[in-house]
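J.: Protein sequences appear in the order of chains D and S. As numbered in this note's numbering, residues 49 to 163 make up the first sequence, in order. As numbered in this note's numbering, residues 515 to 629 make up the second sequence, in order. Take a look at this one; I'll ask things after.
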Amino acid sequence: DQQVKQNSPSLSVQEGRISILNCDYTNSMFDYFLWYKKYPAEGPTFLISISSIKDKNEDGRFTVFLNKSAKHLSLHIVPSQPGDSAVYFCAASSRGGTSYGKLTFGQGTILTVHP
Amino acid sequence: DGGITQSPKYLFRKEGQNVTLSCEQNLNHDAMYWYRQDPGQGLRLIYYSQIVNDFQKGDIAEGYSVSREKKESFPLTVTSAQKNPTAFYLCASKGFGAGAREKLFFGSGTQLSVL
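Structure representation (structure tokens):
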């Protein structure tokens, strides 16, 4: 059962435009969400996160939006740059119980930014 | 520089052979994790350890074993019981504290292939 889903395997965007990456989740116990960026043959690096008590978090060109009622979050990159081309993973976690400290990842979305 | 070191970068396994993947961190983090990445899938948790001499099974622990004798080290053994070991393996660590929640730091990974 895929609890975190990224339904778009790939996204292609022109440099300078906005990139929007989407993520859906099914587990209502998730209360913390993260985005990771990964280049080929490297480990993922943390990008931005959001707690369920917020609906938006911004860090420079990156903004994450959370819609709890729809169990949906999105990552906006404005403006997109060629160096943003990578795989982006959405991840979620919940406090307490046996799942504390564990992350559940989506399948990833390959972002390609064309010059 | 602090970080997580995984070795080797590439590893080949013969039929019936056990192989061990190394993971060392000098971030003074208490928690360490092993994830597996397959093409088109998200990262899946194999094992994790919150403290020395203690570890827990993740979602896909069958065919794997770990040890946590030192805080800095969390080796993963892929046993002959793991019938589909070809994958990219990622080790991660995490500190504790209000600012550390689920912000995993990843190593650069080990690509394991079967001969």
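Glycine residues also receive a C-beta, built at the ideal position from the N, C-alpha and C atoms.
With 7 Å as the threshold, decide whether the Cβ of Q51/D is near any Cβ in chain S.
T.: Sequence index remark: in the first sequence, residue 51/D carries index 3 (1-based). With 7 Å as the cut-off, Q51/D does not count as an interface residue toward chain S.
J.: Check this for me: beta carbons of Y495/S and Q570/S, under 7 Å apart or not?
T.: One cannot answer for residue 495/S here, as it falls past the ends of chain S, which runs 515 to 629.
J.: Inspect the beta-carbon positions of S122/D and N55/D and report whether they are closer than 7 Å.
T.: Within the first sequence, residue 122/D is the residue found at index 74, counting from 1. Within the first sequence, residue 55/D is the residue found at index 7, counting from 1. Not a contact, by the Cβ cut-off of 7 Å.
J.: When we look at the beta-carbon of V126/D and count the other beta-carbons within 10 Å, is it buried (16 or more) or exposed?
T.: In the first sequence, counting from the first residue as 1, residue 126/D sits at position 78. Under this definition V126/D is an exposed residue.
J.: Does the beta carbon of G145/D come closer than 7 Å to any beta carbon on chain S?
T.: Translated into the one-based positions of the first sequence, residue 145/D becomes position 97. Reliability fails at G145/D, whose pLDDT of 49 lies under 50, so the model's placement of it is uncertain and no value is given.
J.: Just to confirm before moving on: does the CB-CB distance between E583/S and E538/S stay below 7 Å?
T.: Within the second sequence, the letter at position 69 stands for residue 583/S. Within the second sequence, the letter at position 24 stands for residue 538/S. Contact: no.
J.: In whole angstroms, what separates the C-alpha of V566/S from that of T519/S?
T.: One-based indexing of the second sequence puts residue 566/S at position 52. One-based indexing of the second sequence puts residue 519/S at position 5. If you take the alpha carbons of V566/S and T519/S, they lie about 18 Å apart.
J.: So which residues of chain S does G40/D contact, with C-beta pairs closer than 7 Å?
T.: Coverage of chain D is limited to positions 49 through 163, which leaves residue 40/D absent and any answer about it impossible.
J.: Suppose you measure from the CA of S521/S to the CA of T152/D; what does that come to, to the nearest Å?
T.: The count along the second sequence starts at 1 and reaches residue 521/S at position 7. The count along the first sequence starts at 1 and reaches residue 152/D at position 104. For S521/S and T152/D, the distance between alpha carbons rounds to 25 Å.
J.: With DSSP as the reference, identify every bridge partner of M546/S, one or two as the case may be.
T.: The residue given as residue 546/S occupies position 32 in the second sequence. In DSSP, M546/S forms a bridge with S563/S, S607/S.
J.: Looking at the secondary structure, which residues open and close the beta strand (DSSP E) in which Q539/S lies?
T.: Position 25 of the second sequence, counted from the first residue, corresponds to residue 539/S. Residues 533-539.
J.: Within 7 Å (strictly less), CB to CB, does F463/S reach chain D?
T.: No statement about residue 463/S is possible, as the shown extent of chain S runs from 515 to 629 and does not include it.
J.: Measuring straight from C-alpha to C-alpha, what distance separates S536/S and P589/S?
T.: For the purposes of this step, residue 536/S is taken as the residue at position 22 of the second sequence. For the purposes of this step, residue 589/S is taken as the residue at position 75 of the second sequence. If I take the Cα positions, the gap works out to 5 Å.
J.: Assuming contact is defined by CB atoms lying nearer than 7 Å, are G154/D and V52/D in contact in what I supplied?
T.: Position 106 of the first sequence, counted from the first residue, corresponds to residue 154/D. Position 4 of the first sequence, counted from the first residue, corresponds to residue 52/D. Yes; because the gap between Cβ atoms is below 7 Å, this pair is in contact.
J.: Taking only three categories from DSSP, how would you classify D573/S?
T.: Residue numbering aside, residue 573/S sits at position 59 when the second sequence is read from its first letter. Note: D573/S maps to coil in three-state DSSP.
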